[in-house]
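Trainee: Adding 713 to a residue's 1-based position in the sequence shown gives its number in the working numbering. What follows is a structure written as structure tokens; I'll ask about it next.
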Amino acid sequence: MAAAEILETSQGRRLAYHKSEGAGPTIVFLGGLKSDMEGTKAVHLDAWAQARGQAFLRFDYSGHGESSEAFTDGCIGDWHEDTVAAVTALTDGPLIVVGSSMGGWQALLLAKAMPERFAGMVTIAAAPDFTEDGYWASFSDEQKAALDSVGHVELPSDYMEPYIITKRMIMDGRQRLVLRDPLNLPFPVRFLQGTADTAVSTETAVRLLNHATGPDMQLLLVKDADHRFSDGPCLSLIEQAVLEVMGKG
Numbered sequence: 714m715a716a717a718e719i720l721e722t723s724q725g726r727r728l729a730y731h732k733s734e735g736a737g738p739t740i741v742f743l744g745g746l747k748s749d750m751e752g753t754k755a756v757h758l759d760a761w762a763q764a765r766g767q768a769f770l771r772f773d774y775s776g777h778g779e780s781s782e783a784f785t786d787g788c789i790g791d792w793h794e795d796t797v798a799a800v801t802a803l804t805d806g807p808l809i810v811v812g813s814s815m816g817g818w819q820a821l822l823l824a825k826a827m828p829e830r831f832a833g834m835v836t837i838a839a840a841p842d843f844t845e846d847g848y849w850a851s852f853s854d855e856q857k858a859a860l861d862s863v864g865h866v867e868l869p870s871d872y873m874e875p876y877i878i879t880k881r882m883i884m885d886g887r888q889r890l891v892l893r894d895p896l897n898l899p900f901p902v903r904f905l906q907g908t909a910d911t912a913v914s915t916e917t918a919v920r921l922l923n924h925a926t927g928p929d930m931q932l933l934l935v936k937d938a939d940h941r942f943s944d945g946p947c948l949s950l951i952e953q954a955v956l957e958v959m960g961k962g
């Protein structure tokens, strides 16, 4: 595996990335919270794109993987800035953006920021507005008080060590919500969601489908698929969704 390259952003953060040259549109993979660009889906799609001769970009947000900063210092807005910086500096022309979990929220924020660049979008267990509708909505009075007194709360995870959720992440997330205002996605979109996902509910997926507007939008529910959505059949479904939004499915 080749060493990651580094992009320094205007905010002074150093983002590790892998970019494969090829024909457009460029596929950009946006990972989930505390995930990194060496995850199964990111690496698989990179290899798949290379085999097709198609351009591909994967990177680590600040505080993730090989990039600079601490996870606990970051927030949705910082990672949105990272995404805009990486896409602007490292890609040209049309994009197919694939967002997983928190990366689905980032894909939607990117679509609002630069809709003219999008040729299509695929999300996998998209988690828009989760800091408000997931974390804050489920916090007890004691946890909400701890955000003010300690500055963070610690939450268990089914997949890794506990998440440290900071007051900054909650407050910043409120400035990045996408399910409260019009969300127009004027390009082909495929939302993929597993019914056995314990981190993002099918209700969230249906809410996103019903809220967003666009000319070509579909939600695929996959029975018994979990949040990872990374076994062989699920990876094939992601490939098919990418082909569909490119008009080649």
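In this text, a Cβ means the ideal position worked out from N, Cα and C, and glycines have one as well. Quick caveat: nothing in here was measured; it's all calculated off a predicted structure.
Would you give the residue range spanned by the beta strand (DSSP E) that residue 718 belongs to?
Mentor: 718–721
Trainee: So which of 880, 845, 884, 799 has the shortest CA-CA distance to residue 859?
Mentor: 880
Trainee: Decide if residue 863 is buried, meaning its Cβ has at least 16 other Cβ atoms within 10 Å, or exposed.
Mentor: Per the 10 Å Cβ criterion, exposed.
Trainee: My understanding is that residue 740 touches residue 811, with C-beta atoms under 8 Å, so please give their C-beta distance in whole angstroms.
Mentor: Confirmed, Cβ separation roughly 6 Å.
Trainee: Is the beta carbon of residue 716 less than 8 Å from the beta carbon of residue 768?
Mentor: no
Trainee: Whose C-beta lies closer than 7 Å to the C-beta of residue 930 among residues of the same chain, with five residues either side of it excluded?
Mentor: Contacts found: 898, 902, 922.
Trainee: Hey, would you say residue 843 sits closer than 8 Å to residue 900, going by beta carbons?
Mentor: no
Trainee: With contact counted as at least three CB pairs below 8 Å, one residue from each stretch, are the segment 941–952 and the segment 749–764 in contact?
Mentor: yes
Trainee: Tell me which residue opens and which closes the alpha helix (DSSP H) that residue 946 is part of.
Mentor: 945–958
Trainee: How about residue 838 and residue 913: do their beta carbons lie closer than 8 Å?
Mentor: Going by C-beta atoms, residue 838 is nearer than 8 Å to residue 913.
Trainee: Would you give the residue range spanned by the alpha helix (DSSP H) that residue 862 belongs to?
Mentor: 854–862
Trainee: Pull up the DSSP beta-bridge partners for residue 867, would you.
Mentor: Per DSSP, 877.
Trainee: Out of 762, 731, 765, 764, which one is the CA nearest neighbour of residue 750?
Mentor: Nearest of 762, 731, 765, 764 to residue 750, Cα basis: 731.
Trainee: Taking 8 Å as the threshold (C-beta atoms), are residue 933 and residue 905 in contact?
Mentor: yes
Trainee: Please give the ranges of any beta strand (DSSP E) in the segment 742–787, keeping only runs that are unbroken, at least 3 residues long and fully inside the region.
Mentor: Within the segment 742–787, the complete beta strand (DSSP E) runs of at least 3 residues are 767–772.
Trainee: Measuring straight from C-alpha to C-alpha, what distance separates residue 765 and residue 960?
Mentor: Between residue 765 and residue 960, the C-alpha separation is close to 15 Å.
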